[in-house]
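Reminder that position 9 of the sequence shown reads as -8 in our numbering, one-by-one numbering, no gaps.
Since the structure comes first, as C-alpha cells, the remarks are kept for the end.
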Amino acid sequence: MDPIIEEKIKQYKTFVTHNTPSTTDTDTPPREDNLSRVIRSEEDAEMFMAQLNCLIERSKRIKQIK
C-alpha cells in the first residue's frame, strides 16, 4: 500500500480514538433566555411583537429621513 495512504489511515485511527465526542447531559434543562422569562402568556407575546414592529417602523422612517 502507498505509504501516504497508510499514514493517513494511521492519523484517522488516532483521531477517532482520541477525539470521541462527549456525551450530552439530558438531565439538565436547556438554557433559559431572557425572552422566555419575560414572555409567559399570549398577551405578553402580542405586546412584545407590537413593540418590535413599532421599532422596525421607526427605524425605516429614520432611514428614509436621512
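Virtual Cβ for every residue (Gly too), placed ideally from N, Cα, C.
| Asked | Found |
| --- | --- |
| As assigned by DSSP and simplified to three states, the class of Asp27 | helix |
| Alpha-carbon spacing of Lys46 relative to Glu40, whole angstroms | 10 Å |
| Range of the contiguous alpha helix (DSSP H) that encloses Arg20 | 17 to 21 |
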